[in-house]
């Protein structure tokens with residue numbers, strides 16, 4: 062069975078971000094790094110729950126995932142501005158975040174039609 066592109070790209074995003082956070086200075090790993098890790102894992106958990114829930118519950122879970130993804134985007138951006146993520150890692154992470162956002166947006170559109 063082939064996995065949905067959203068789940069594949071989310072896996073790629075986590076596989077990239079989690080080791081990148083380990084390179085943060087210790088004092089920032091505790092706060093900023095942990096936030097990136099927790100948002101990443103919660104995002105994955107939420108889209109997995111949305112895949113398994115009823116059709117009535119799905120829009121709310123997808124909306125929660127969208128909010129988490131926005132928070133993750135801003136946290137990664139702040140990490141770059143604080144010089145915790147270099148230009149190349151930031152560019153790669155941003156590209157993955159954008160792709161995950163597009164795929165999530167397509168899924169959300171299915172449930173936001175009048």
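Numbering (the numbering used here), first residue to last: 62 to 175.
We treat Cβ as the ideally placed atom computed from N, Cα and C, and that holds for glycine.
Being a predicted model, the structure only gives us computed values, none of them experimental.
With respect to residue 108, residue 122 sits close: the two C-beta atoms are nearer than 9 Å. Bounds of the alpha helix (DSSP H) holding residue 163 are 148-170. Residue state for residue 76 is assigned as helix, using DSSP reduced to three classes. A direct Cα-Cα distance of roughly 7 Å separates residue 155 from residue 134.
Excluding residues up to 5 positions away in sequence, 154 lie with their Cβ nearer than 6 Å to the Cβ of residue 137 in the same chain.
In the DSSP assignment, residue 120 falls within the unbroken alpha helix (DSSP H) covering 119-142.
Rounded to whole angstroms, residue 95 and residue 88 show a C-alpha spacing of 11 Å. With fewer than 16 other Cβ atoms from the protein chains shown falling within 10 Å of its own Cβ, residue 91 counts as exposed. Counting along the chain, the unbroken alpha helix (DSSP H) around residue 105 starts and ends at 95-113.
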